[in-house]
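Q: Quick note: the sequence shown uses my numbering, first residue 50, plus one each step.
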Amino acid sequence: MSRHNILLPLSLDDVDVVWKTLKSQRFEFSERDYAHFTSKRNGLHVTIYEKGPKMLIQGHEAVDFAREVMEPLVAGKAMAKN
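#1: What does the alpha-carbon distance come out to for the pair F78 and S88?
#2: Taking the continuous alpha helix (DSSP H) assigned at V118, which residues delimit it?
#3: Using only CA atoms, which one of H109, N54, L61 and R52 lies nearest to K100?
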């Protein structure tokens, strides 16, 4: 199975919503340069970059996670698959 990268634009308000959602789903958080935060759980990585801001979702389940969990949170945002 291939690894997927999903890039989703965010507003500053979305950053807090995403953090709370990931926290409730038991993601582990750490710091990364030029990012609000990065988090991971079971091979799925989510990083919120300061510039934009934008969310990068990586991993085998990235597409499903983006569509089922993240996209509804930030409704109206276009999902770009890289």
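Glycine included, each C-beta is placed from N, C-alpha and C at the ideal position.
A: Put simply:
#1: 4 angstroms
#2: Where V118 is concerned, there is no enclosing alpha helix (DSSP H), given that its DSSP letter is neither H nor E.
#3: L61
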